[in-house]
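J.: I'd like to ask you about the structure that follows.
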Amino acid sequence: MAAVDVEDESILASIFKDSFPDNWRDNPDFAAYLSELSSYGVEKLNREPDRLAEERAQILQQTRELAFSNYKTFIRTADCTKEIYRDFGRVESSVSKLLDKLPSFGEKCRGFIKEAEDIGISRRMNSLTLNRHTEILEILEIPQLMDTCVRNGYYEEALELATYVKRLEKKHSSLPVIQGIVQEVRQSAQLMLNQLLQQLRSNSQLPVCLRVIGYLRRMDVFTEAELRVKFLQARGSWLRSILTAIPDDDAYFHITKTIEACRVHLFDIITQYRAIFSDDDPLLSPGGCTVNESAIFHGWVVQQVAQFLETLDRDLQRGVGGRLDSLLGQCMYFGLSFSRVGADFRGQLAPMFQRVAMDTFRKATEEAVVKFQEDMNLYTLISLPSVLGSTIPTVAPSTQPGTLQPPMALLDFPPLACFLNNILTAFNDLRLCCPVGLAQEVTKCLEDALLKVTKLILVFHRAEESAFSSREQDLFVQFCCAFAEDMVPFLNRCLQVLFPPAQLALILGVPPTQVQKYGSLGCTDVKAVLEPLEFVLPKKEVPTVDLCAELTSITSMEPELQPTGAKEELLSKSN
């Protein structure tokens, strides 16, 4: 049936292709009417136009009657239609605006929903915070509590708080509040570290040091080697503050106080170090450690000893007067006490004191030569030795065995007497601290001084010879004889007292009679000293005497130089 309808429709469409608009085809009434026409016969089709015209006229008449009878209704309908059309326009415009605003409205609604969700979450968090208020408050007060503990010295509690904060950081490191707490606690921990190190820089005893190092170990900020270095640095800083506070106006006072402070406090520091850090403990010395921790302590001790020796050398150069022997004794005791901790430095003291003693003696001999030159510039051969000698009281020979008495004949010649007094003073100062190693240097220095004296005597002779009377010539010869026969041998005897040949021979490993073969060793070269004066000195046969052997027998009794009384007498007579 459907196939027939389609065929009929296609036939009708081809017949009436140009007789009606295309849009009529979609009208179902039109299609039904065409179907109806197709079923009519010829007669009925012939009458159909008339029927349609009549029906049309009838419809028009009815329409006119309807329009006439409903005129007002049509007018009102038109007005309503117009208003409806206008309202529809406004509605369409409003709908368009609404559609334009709907996306933003939807976005705001979504934002509102998000805010509402956030508010809900925040409300739940606030409720949870309110329920956990006490616990949260305790956590927030940790930095303040940590600072209070550190400033009041409650380090045990401070360490517990720091440990708790470390656990919090591991669990909640992403939270800003926890990050702030950790930062503030670290600042308090740094303050605690500074306070602990400051305690080590003060006069802290062993229990305090043990407690401080225990805290530092628990803080875990230093390795074992770094902890040792920090301990030694802090204690060294405290020791330096003590040494710096010692007045340095007087060199002897400064060095004696320095020796005492170093001996007491350095020994305490070493004792504290060995009590705190045990190099024998395998638990504190892991096998993988590449740092030689014992070398840290050894290096620090060597540094402290070097600084002390530097201070000692500086003060010795400034001069300590005639108290070099006392200073040497204190230094030796200091070194001996350090030998108990394996830091004996007495071997480094000998060259230092030897150099100072030699410099002091050399300076004294130079001053003696300068004084002799000044005396010779003012000296005139006008005194009668016989008369001058008659005024000198007889000096009773000393009953002490081995005592050296200055030659009284030198009283007739004040320049020689003053020179001998100055040399004896230098010998007495040297005797207080007289290292055997200075034997050759002292002998050479004295020999040089005697050679200078010889030259000054020759200068005096050349300047005054032309004006000499026979009496003055005899006095000058006696002057030279006193120098050659009394003063020079006496000074050699003094050298033998300072440096006994038996002791020198023991050190050299030779018999005492062979010490003289080593040149200027405890005995000046008399021939070289007197050679320039041979033309003045009288020719006489002198039996050969082994001076060194003779002096060996004298010094075997260990005599003491006692020039003090003779010096006063010589000075009184020379003036």
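Here this note's numbering is used: the first residue of the sequence shown is -6, the next is one more, and so on.
Cβ atoms here follow ideal geometry from the backbone N, Cα and C, with glycine treated the same way.
Fair warning: this is a prediction, and the values are worked out from it, not measured in the lab.
Find out if the Cβ-Cβ distance for the pair THR304, THR251 is shorter than 7 Å.
T.: Yes, the pair counts as a contact, with Cβ atoms nearer than the cut-off.
J.: Look at the Cβ atom of PHE420, then the Cβ atom of CYS487, and state whether they are nearer than 7 Å.
T.: In contact: PHE420 and CYS487 (Cβ atoms closer than 7 Å).
J.: On the three-state DSSP scale, how would you describe LEU403?
T.: Residue state, collapsed to three classes: helix.
J.: Compare the Cα-Cα distances from LYS437 to each of PRO408, GLU359 and ALA495 and report the closest residue.
T.: Of the listed residues, the one whose Cα sits closest to LYS437 is GLU359.
J.: If the criterion is Cβ atoms closer than 7 Å, does the pair ALA432 and PHE492 meet it?
T.: Yes; because the gap between Cβ atoms is below 7 Å, this pair is in contact.
J.: Please state whether DSSP places LEU397 in a helix, a strand or coil.
T.: Residue state, collapsed to three classes: strand.
J.: Are the CB atoms of PRO136 and GLU177 nearer to each other than 7 Å?
T.: A contact, by the Cβ cut-off of 7 Å.
J.: Do LEU321 and VAL313 have their CB atoms nearer than 7 Å?
T.: Contact: no.
J.: Could you spell out the range, first to last residue, of the alpha helix (DSSP H) harbouring GLN226?
T.: Taken as a continuous stretch (DSSP letters only), the alpha helix (DSSP H) holding GLN226 covers 217 to 237.
J.: Using only the alpha-carbon positions, how far apart do LEU302 and ILE248 sit?
T.: So the alpha carbons of these two residues sit roughly 10 Å apart.
J.: What are the start and end residues of the alpha helix (DSSP H) that includes LEU38?
T.: Residues 35 to 62.
J.: Taking the alpha-carbon positions, what's the ASP518 to VAL363 distance?
T.: Spanning the two alpha carbons is a distance of roughly 22 Å.
J.: What number of angstroms, rounded off, separates the C-alpha of PRO408 from the C-alpha of ASP368?
T.: The straight-line gap from Cα to Cα measures roughly 6 Å.
J.: Within this structure, are the beta carbons of VAL222 and ILE132 separated by less than 7 Å?
T.: No, the Cβ-Cβ distance between VAL222 and ILE132 is not below 7 Å.
J.: Are the Cβ atoms of LEU189 and VAL205 separated by less than 7 Å?
T.: Closer than 7 Å, so yes.
J.: Measure how close the beta-carbons of LEU220 and ARG211 come, nearest whole angstrom, since I'm counting them as under 8 Å.
T.: With 8 Å as the limit, LEU220 and ARG211 do not qualify as a contact, their Cβ atoms being about 11 Å apart.
J.: Would you kindly report the start and end of the unbroken alpha helix (DSSP H) that includes ALA361?
T.: Looking at the DSSP string, the run of the alpha helix (DSSP H) that includes ALA361 is 342 to 371.
J.: Determine whether the beta carbon atoms of PHE406 and ALA475 lie at a separation below 7 Å.
T.: The answer is yes: Cβ separation under 7 Å.
J.: For a quick check, are the C-beta atoms of ALA361 and ILE416 less than 7 Å apart?
T.: The answer is yes: Cβ separation under 7 Å.
J.: Output the distance between the C-alpha atoms of PRO386 and TYR372, rounded to the nearest integer angstrom.
T.: Here the model assigns PRO386 a pLDDT of 41, short of 50, so the residue's position is not dependable, and the following value carries that caveat. Answer to the nearest angstrom: the Cα atoms are 24 Å apart.
J.: Which full runs of the alpha helix (DSSP H) of 4+ residues lie inside the region 472 to 522, going along the chain?
T.: Within the region 472 to 522, the complete alpha helix (DSSP H) runs of at least 4 residues are 481 to 491 and 494 to 501.
J.: Leaving out five residues before and five after ALA151 in sequence, what residues of the same chain have Cβ atoms less than 8 Å from its Cβ?
T.: Correct list, in chain order: MET139, CYS142, VAL143, SER181, ALA182 and MET185.
J.: I'd like the ranges of any alpha helix (DSSP H) spanning at least 4 consecutive residues and lying wholly in the region 175 to 214.
T.: Listed in chain order, they are 199 to 212.
J.: From GLU465 to ALA357, what does the alpha carbon distance come to, in whole angstroms?
T.: Their backbone Cα atoms lie some 31 Å apart in a straight line.
J.: To the nearest angstrom, report how far apart LYS164 and GLU128 are at their CA atoms.
T.: Rounded to the nearest angstrom, the two C-alpha atoms are 16 Å apart.
J.: If CYS473 sits next to ILE500, beta carbons under 8 Å apart, how far is it from one beta carbon to the other, in whole angstroms?
T.: That belief does not hold up - the Cβ atoms of CYS473 and ILE500 are roughly 36 Å apart, past 8 Å.
J.: Just reading off the alpha helix (DSSP H) that PRO531 is part of, what are its end residues?
T.: Unbroken run through PRO531: none, as it is neither H nor E.
J.: Just the Cα atoms here: how many angstroms apart are LEU123 and ILE174?
T.: Rounded to the nearest angstrom, the two C-alpha atoms are 20 Å apart.
J.: Using only the alpha-carbon positions, how far apart do LYS445 and GLU478 sit?
T.: Going by the C-alpha atoms only, they are around 17 Å apart.
J.: Please classify GLN51 as buried or exposed, where buried requires at least 16 neighbouring CB atoms within 10 angstroms.
T.: Its Cβ having fewer than 16 others within 10 Å, GLN51 is exposed.
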